[in-house]
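Student: I have a structure here, written as structure tokens, and I will follow up with some questions on it.
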């Protein structure tokens, strides 16, 4: 599923995110969240731009509360960047320069 975002669940989180060979950006979102819907096309574009170097996983917090609780997600959209199974950065909310802000956070962690 390269170049696309991946729907991730509490059950698949460890294999999709923590055990990934490449960095993973996890988008914690919900269908009722307006800013989350604004972020979605940007995340799809970033998934294409960084295909093979970054995986983007989307986690619906309404359906997957365990991981959201474990990582203390208090507001959405929140994005966590994982590398080698470790949380290395966090982005909360959608800014006017969201795509560029995300890329600035992501690029230092790419191989």
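Numbering (our numbering), first residue to last: 772 to 882.
For each residue, glycine too, the CB sits at the ideal point set by N, CA and C.
1) Just how far apart, CA to CA, sit residue 844 and residue 796?
2) Using DSSP's beta-bridge definition, name the partner residues of residue 854.
3) What three-state label does DSSP hand residue 874 in the structure shown?
4) Roughly how many angstroms separate the alpha carbons of residue 876 and residue 860, rounded to a whole number?
5) Does DSSP put residue 830 in a helix, a strand or coil?
6) Name the residue from 806, 879 and 836 whose alpha carbon lies nearest to the alpha carbon of residue 854.
7) If you reduce the DSSP assignment to three classes, tell me which class residue 795 lands in.
8) Express the C-alpha separation of residue 810 and residue 772 in angstroms, rounding to a whole number.
9) Assuming residue 815 and residue 776 make a contact with CB atoms under 8 Å, what is their CB distance in whole Å?
Tutor: Concretely, from the data shown:
1) 14 Å
2) 857
3) Helix.
4) Answer to the nearest angstrom: the Cα atoms are 7 Å apart.
5) strand
6) Closest by C-alpha distance to residue 854, out of 806, 879 and 836, is 879.
7) strand
8) For residue 772, the predicted model reports a pLDDT of 44, less than 50, meaning its position is unreliable; a value from the coordinates is still stated below. Approximately 20 Å between the Cα atoms of the pair.
9) 6 Å
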